[in-house]
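See below for the structure under consideration.
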Amino acid sequence: MHSDLIGKIEKARHYANEPERIQLEEVRATFHGSNGDHVLSLQESQWTCNCSFFKTWGTCAHVMAMQKILDPMLTIEARQPDMAVEWNGSDTVTI
Ligand SMILES: [Zn+2]
């Protein structure tokens, strides 16, 4: 194998352990929930889900699960509020 490509594979392995290097701008996903499939999306740091709970509360288990999984790759606005505070590392932040 070409040595340049070997170098890139090594670099990719390194990058794969540093997800904070990646910022997701948009996400669209089908979430296989306990009661059926739901469509989630993230656009301009705003999550949406087509489940009925989200319509009432503006968040849901599907969105919260995605926030937990993708946390290092999300903007502060797109993270769960408590995770954003944790990331911020400031004790002056109040919600
Ligand atoms: Zn949902």
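Its first residue numbered 77, the sequence shown is counted upward by one per residue in the working numbering.
Just so it is clear, CB atoms sit at the ideal spot from N, CA and C, and this is done for glycine as well.
Bear in mind that the values here come from a model prediction, so they are computed numbers and not experimental data.
Using a cutoff of 8 Å, the CB of Gly109 counts as near ligand 1, since one of the ligand's heavy atoms is closer than that. For the pair Pro148 and Glu102, the CB atoms are not nearer than the 9 Å cut-off. The residue from Asn111, Ile82, Glu120, Ser121 with its alpha-carbon nearest to that of Ser128 is Asn111. In the three-state DSSP reduction, Gly134 falls in the coil class, being neither helix nor strand. Burial state of Arg155 is buried, judged by a 10 Å Cβ sphere holding 16 or more other Cβ atoms.
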